[in-house]
Ligand SMILES: [Zn+2]
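Numbering (the working numbering), first residue to last: 3 to 462.
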């Protein structure tokens, strides 16, 4: 399917309530698509293993190079002649053909990200074979424009419209599925595609709506000045601190219900395998996680709205990678090979808090909301922003436990506030460049780390 990129698209999510027969059918589809996913992935891994050899470990002239196989592609894999033999008939029977093709496309995308990397050359991890429990989404690339039928509710009260309209969506090969029409589709938009997913509390459909008359959203280019910009420092003590001193308190949703979740997990583990009680408790736990995830997302939306409604037009944020921050510590060994403490127990507590804050999700929501309001979010490098004094550019070294920035010039400020001001200065290009000089052999190691930083004033 050709995906046009120059029209305005929106995603609207609705809950769907399939009847028993439809639920059975949707579950069966997911199960079959999961098998197809694993089958296609296996084929690609076989090609990958057969067609490469580590030349650095073995000279190429003694390496036996077998006949090279053709790389499986999306087109070769989706071709019916390629795999639809009698043996696989049970896999594709009853499933819509385009849904299968989309599942194969998904395998190609993940595999290409693994071997080639995305547009920026960033490679992701090895794709994994999925169990039926982990495969919970399929996409329908084409839907008829009139697939959604909405009829006004006959029992609606005259004053105070409390009852929703009744809506049914026509899914190919499944039929009319009841849809909870909690908000109307905006005028001028047509339904193009859908993503059906099975979650802890039921089934959901995410409709892609398109309006051909509106061009796609382009990020505006705004010249940042001292007045129209604001720097933001995200942290674990406060969710964010703005460069003018405004703060957003942090909400630790996971941390607050951690003990409750642990108790539930213990109870679940005490039940025998495959028992009904164990299954019920597992469902309870996943619903709890879903609730936490929704609370966190709502908080992110509210916080982003609060920022976007400010007068400033440019937001400077740290270019952080939460995935890297919450990485596990490397194991440490002494001379005899015995493992010694590496600080992981303290780090795992920090990791939980980092994941609970969810900065990655917040920053993407903020970018989207700002673009919608004609504002922009700029990511800047956060190096040394918490160490340099925002008043006199002096380097004041402090570790994470010191929360107050105290400088010889007399400036006493909250650590995060100082960092936020510095982030704004990085964005505006008035932050000094800090260079670490090359270590000379005469100087001791300790002396270089403590004193040898120099502050070079660039454009102050
Ligand atoms: Zn100072």
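Even for Gly, the Cβ is constructed at its ideal location relative to N, Cα and C.
**Message:** Please identify the residue among 181, 32 and 114 whose C-alpha is closest to the C-alpha of residue 200.
**Reply:** Of the candidates 181, 32 and 114, the one whose C-alpha sits nearest the C-alpha of residue 200 is 32.
**Asked** Along the chain, which unbroken stretches of the alpha helix (DSSP H) at least 4 residues long are found entirely within the segment 244-318?
**Response** With a minimum length of 4 residues, the continuous alpha helix (DSSP H) runs that stay inside the segment 244-318 are 255-258, 260-272 and 278-310.
**Prompt:** Can at least three beta-carbon pairs, one atom from the segment 342-349 and one from the segment 260-273, be found at a separation below 8 Å?
**Reply:** No, the segment 342-349 is not in contact with the segment 260-273.
**Message:** Let me check you understand the geometry: is the CB of residue 402 closer than 8 Å to at least one non-hydrogen atom of ligand 1?
**Reply:** Not one heavy atom of ligand 1 sits closer than 8 Å to the Cβ of residue 402.
**Request:** Starting from the Cα of residue 178, find the closest Cα among 134, 107 and 23 and give me that residue.
**Result:** With distances taken between Cα atoms, residue 178 lies closest to 23.
**Message:** Any residue with its Cβ nearer than 5 Å to a heavy atom of ligand 1 should be included. What is that list in chain order?
**Reply:** Result (chain order): 391, 393, 394, 396, 409, 411 and 413.
**Message:** Do residue 418 and residue 235 have their beta-carbon atoms positioned less than 9 Å apart in this structure?
**Reply:** Yes, these two residues count as a Cβ contact at 9 Å.
**Item:** Runs of beta strand (DSSP E) wholly within the segment 75-154 (minimum 3 residues, chain order)
**Value:** Counting whole runs of 3 or more residues, the segment 75-154 contains the beta strand (DSSP E) stretches 139-142 and 150-153.
**Request:** Kindly indicate if chain D contains any beta-carbon less than 9 Å away from that of residue 296.
**Result:** The chain inventory of the structure shown lacks chain D, comprising one protein chain alone.
**Asked** Anyone know if the C-beta pair for residue 390 and residue 432 falls short of 9 Å?
**Response** For the 9 Å CB-CB criterion, residue 390 and residue 432 do not form a contact.
**Asked** At which residues does the alpha helix (DSSP H) containing residue 353 begin and terminate?
**Response** Its alpha helix (DSSP H) spans residues 346-359.
**Asked** Taking residue 204 as the reference, which of 45, 429, 28 and 405 has the closest Cα?
**Response** Looking at the Cα atoms, 28 is the closest of the given residues.
**Asked** Quick one, which of 351, 285, 180 and 115 has its alpha-carbon nearest residue 254's?
**Response** Relative to the Cα of residue 254, the nearest Cα in the group 351, 285, 180 and 115 belongs to 351.
**Prompt:** Between which two residues does the alpha helix (DSSP H) containing residue 47 stretch?
**Reply:** 22-52 is the extent of the alpha helix (DSSP H) around residue 47.
**Asked** What is the rounded straight-line gap between the Cα of residue 173 and the Cα of residue 333?
**Response** Cα-Cα distance, rounded: 51 Å.
**Message:** Using C-beta distances below 6 Å, list every residue in its chain close to residue 331, excluding the 5 sequence neighbours before and after it, in chain order.
**Reply:** The answer, listed in chain order, is 344, 345, 346 and 349.
**Asked** For residue 412, which of helix, strand or coil comes out of DSSP?
**Response** Coil at residue 412, not helix or strand.
**Prompt:** Looking at the structure shown, is residue 369 part of a helix, part of a strand, or coil, going by DSSP?
**Reply:** Judged by DSSP in its simplified three-state form, residue 369 adopts helix.
**Request:** Taking only the alpha-carbon atoms, compute the straight-line gap between residue 10 and residue 301 and give it to the nearest angstrom.
**Result:** One C-alpha to the other measures close to 27 Å.
**Asked** Who are the Cβ neighbours of residue 18 in its own chain at under 6 Å, not counting the five residues just before and after it?
**Response** The beta carbon of residue 18 sits closer than 6 Å to the beta carbons of 179, 181, 205 and 207 from its chain, once the five residues preceding and following it are set aside; these are given in chain order.
**Asked** Quick one: what's got a C-beta closer than 6 Å to residue 46's C-beta in the same chain, skipping five residues either side?
**Response** Cβ within range, chain order: 74 and 113.
**Item:** Bridge partners - residue 195, DSSP secondary structure assignment
**Value:** Note: residue 195 sits in a beta bridge opposite 210.
**Prompt:** When we look at the beta-carbon of residue 157 and count the other beta-carbons within 10 Å, is it buried (16 or more) or exposed?
**Reply:** Its Cβ having fewer than 16 others within 10 Å, residue 157 is exposed.
**Item:** Residue span of the beta strand (DSSP E) that contains residue 428, given as start and end
**Value:** Following the DSSP letters along the chain, one finds residue 428 in no beta strand (DSSP E) but inside the alpha helix (DSSP H) bounded by residues 417-430.
**Message:** Please classify residue 407 as buried or exposed, where buried requires at least 16 other C-beta atoms within 10 Å of its C-beta.
**Reply:** Counting the other Cβ atoms within 10 Å of the Cβ of residue 407 gives 16 or more, which makes it buried.
**Item:** Rounded distance between the beta-carbons of residue 283 and residue 293, thought under 8 Å
**Value:** About 16 Å; that fails the 8 Å criterion.
**Message:** Please report the distance separating the alpha-carbon of residue 371 from that of residue 388.
**Reply:** One C-alpha to the other measures close to 27 Å.
**Message:** Can you list, in chain order, the residues of its chain with a C-beta nearer than 7 Å to that of residue 167? Leave out the 5 residues immediately preceding and following it.
**Reply:** Hits under 7 Å: 152, 153, 154, 155 and 183.
**Item:** Contact belief for residue 314 with residue 232 at Cβ below 8 Å, rounded distance in angstroms
**Value:** Contact holds; Cβ gap of about 4 Å.
**Asked** Which residues bound the beta strand (DSSP E) around residue 9?
**Response** That run of the beta strand (DSSP E) goes 9-19.
**Prompt:** Among the residues of its own chain, which have a CB less than 7 Å from the CB of residue 37, if the five just before and after it don't count?
**Reply:** Counting only residues of its own chain and dropping the five nearest sequence neighbours on each side, residue 37 has a CB closer than 7 Å to the CB of 93.
**Request:** Please report how far the alpha carbon of residue 365 lies from the alpha carbon of residue 147, in whole angstroms.
**Result:** Roughly 34 Å separates the two Cα atoms.
**Asked** Taking C-alpha atoms, which residue in 191, 190 and 196 lies nearest to residue 171?
**Response** Closest by C-alpha distance to residue 171, out of 191, 190 and 196, is 196.
**Item:** Whether residue 213 touches residue 192 by CB criterion (9 Å)
**Value:** Taking 9 Å as the Cβ cut-off, residue 213 and residue 192 qualify as a contacting pair.
**Request:** Thinking residue 132 and residue 48 are a contact (beta carbons under 8 Å), I'd like their distance in whole angstroms, please.
**Result:** Contact doesn't hold; Cβ gap of about 18 Å is too wide.
**Prompt:** DSSP on residue 455, reduced to helix/strand/coil?
**Reply:** Unreliable positioning characterises residue 455 in this predicted model, as indicated by a pLDDT of 47, which lies under 50. A coordinate reading is not provided.
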